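Novice:
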Amino acid sequence: MARAELLAPPGPKYAGLERAAGQRIEAVGRRGKFLLLPLSGGDELVAHLGMTGVIAPEAEGAAPHKHLRVRLLLEGAAPNRLTFVDPRRFGRFLVVRRGDYAALPTLAALGPEPLDDAFTAERLLAALARSRMPVKAYLLSQRPVAGVGNIYADEALWRAGVHPLTPAAEVRPEQAALLRQAIREVLEASIAAQGTTLNDYRTVYGEQGDYVDQLAVYGKAGQACPRCGGPLERLVVGQRGTTYCPDCQPLPRARGARARRSRP
DNA sequence: CGCATTTCCTGGTAGC
DNA sequence: TGCTACCAGGAAATGC
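For what it's worth, my numbering labels the leading residue of the first sequence as 37, then goes sequentially.
1. Mind checking which residues open and close the beta strand (DSSP E) that includes residue 280?
2. Relative to the C-alpha of residue 243, which candidate in 252, 250, 233 has its C-alpha closest?
3. Can you check which of these residues, 115, 67, 135, is closest to residue 78 by C-alpha distance?
4. Where residue 276 and residue 100 are concerned, what is the direct C-alpha to C-alpha distance, given to the nearest angstrom?
5. How would you write the range of the alpha helix (DSSP H) that residue 162 sits in, first residue to last?
6. Roughly how many angstroms separate the alpha carbons of residue 68 and residue 97, rounded to a whole number?
7. In this structure, how does DSSP classify residue 171 when only helix, strand and coil are distinguished?
8. Compute the distance between the beta-carbons of residue 170 and residue 215, then report whether it is under 7 angstroms.
9. Alpha carbon to alpha carbon, how far is residue 76 from residue 60? Give it in angstroms, no decimals.
10. Verify whether the separation of the beta carbon atoms of residue 32 and residue 88 is less than 7 angstroms.
11. Flag this pair as yes or no: are the beta carbons of residue 212 and residue 160 separated by less than 7 angstroms?
12. Evaluate residue 70 with the Cβ neighbour count: other Cβ atoms within 10 Å of its Cβ, from every protein chain shown; 16 or more gives buried, anything less gives exposed.
13. Apart from the five residues on each side of it in sequence, which residues of its chain come closer than 8 angstroms, Cβ to Cβ, to residue 183?
14. With a 10 Å radius around its C-beta and 16 neighbouring C-beta atoms as the bar for buried, classify residue 259 as buried or exposed.
15. Distance, Cα to Cα, residue 298 vs residue 261?
16. What separation, rounded to the nearest whole angstrom, lies between the Cα atoms of residue 225 and residue 241?
17. Who are the near neighbours of residue 168 in its chain, counting only those whose CB is closer than 8 angstroms to its CB and skipping five residues on each side?
18. When you compare only the Cα positions, how much space is there between residue 267 and residue 248?
Okay, structure coming up:
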């Protein structure tokens, strides 16, 4: 590419872009929610869309987007300008030495790809055994498995019948197997539907994702559980809004808890 | 090191 | 209409 232009205030989210000039984009890869584009000079462009980021070609002759943060000037015939637009600036778009993820600790410690064969029930169980966090919060950390965000965590936990507050280390082996399968099914179905468009998300072709029509619980507190018909409830887990079915996703009785007699 | 808390950001919406 | 207040959340920074 000829150059990477930074249109946002400089900062760690947009580090190293000046080094991209003159390097060829050699591939387009992905790990979890991170896009990885190795560059010919030994660097790597790392992008994360956050919640509202969009990577798309820039229309000829149009005014720059209000929230344009980065513009890549590519060589060759138009369309040869690729933009990163990100209203809320939760996204990242930076250049690092290839494979050097010191500035991206979540990427450095990312769990297995959910659709890889390596993501087995046994591996998930072993990962969960290492944490005392609520299972949902631990899933969101990206460490037991890559790529599961707030929407898909709620959907998968509901499918597996696992309460989001279950301590990760107390998830039973059979629950881990159900959860692993549920994560894979939810992600595969969402990919087939081109993702979940709540407000902003668009595919690279500008299309909305239709998985929103298949959501069972996310954002549906107070509505009927599709499985049992009871009311879905809302919690906050790991600072994130969480919807679940109290009947289909029972919290296991705390280990070592004493039986307590209610006052007559 | 593990985990809880705080921070970053803007658009949308509720309430007055 | 215009104002304030608040909420949404992925990952990093900070604080124990």
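Using N, Cα and C, we set each Cβ at its ideal position, and we do this for glycine too. This one's a predicted model, so the numbers in the text were calculated from it and none came from an experiment.
Specialist: The answer reads as follows:
1. Start at 1 with the first residue of the first sequence, and residue 280 comes out as number 244. Secondary structure note for residue 280: its beta strand (DSSP E) is the uninterrupted segment 276-280.
2. Position 207 of the first sequence, counted from the start, is the residue given in the question as residue 243. The shortest C-alpha separation from residue 243 is found at 233.
3. By one-based count along the first sequence, residue 78 stands at place 42. The residue with the shortest Cα to Cα distance from residue 78 is 135.
4. To locate residue 276, count along the first sequence from 1; it is residue 240. To locate residue 100, count along the first sequence from 1; it is residue 64. So the alpha carbons of these two residues sit roughly 33 angstroms apart.
5. What you label residue 162 is simply residue 126 of the first sequence in a count that begins at 1. First-last of the alpha helix (DSSP H) with residue 162: 157-164.
6. Position 32 of the first sequence holds residue 68. Position 61 of the first sequence holds residue 97. Rounded to the nearest angstrom, the two C-alpha atoms are 35 angstroms apart.
7. Locating residue 171 in the first sequence gives position 135, counting from the first residue. In the three-state scheme derived from DSSP, where H, G and I count as helix and E and B as strand, residue 171 is classed as helix.
8. As a first step, residue 170 is located in the first sequence; it is residue number 134 there, counting from the start. As a first step, residue 215 is located in the first sequence; it is residue number 179 there, counting from the start. Cβ atoms of residue 170 and residue 215: not closer than 7 angstroms.
9. For this step, residue 60 is matched to residue 24 along the first sequence. For this step, residue 76 is matched to residue 40 along the first sequence. Each residue's Cα considered, the two are about 5 angstroms apart.
10. Past the edges of the chain, shown from 37 to 300, lies residue 32, and the structure says nothing about it.
11. Position 176 of the first sequence, counting from 1, holds the residue named residue 212. Position 124 of the first sequence, counting from 1, holds the residue named residue 160. Between residue 212 and residue 160, the CB-CB gap stays under 7 angstroms.
12. Numbered from 1 along the first sequence, position 34 holds the residue referred to as residue 70. Buried, by the Cβ-count rule.
13. By 1-based counting over the first sequence, the position of residue 183 is 147. Here the set comprises 68, 69, 149, 150, 223.
14. What you label residue 259 is simply residue 223 of the first sequence in a count that begins at 1. The residue in question, residue 259, is exposed, as its Cβ has fewer than 16 Cβ neighbours within 10 Å.
15. Mapped onto the first sequence, residue 298 falls at position 262. Mapped onto the first sequence, residue 261 falls at position 225. Residue placement at residue 298 is poorly supported in this model, since its pLDDT is 37, which falls under 50; the coordinates are not used for a value here.
16. As a working note, residue 225 is residue 189 in the first sequence. As a working note, residue 241 is residue 205 in the first sequence. Approximately 19 angstroms between the Cα atoms of the pair.
17. As a working mapping, residue 168 is identified with position 132 in the first sequence. The answer, listed in chain order, is 203, 204, 205.
18. Indexing the first sequence from 1 puts residue 267 at position 231. Indexing the first sequence from 1 puts residue 248 at position 212. Those two C-alpha atoms are separated by around 19 angstroms.
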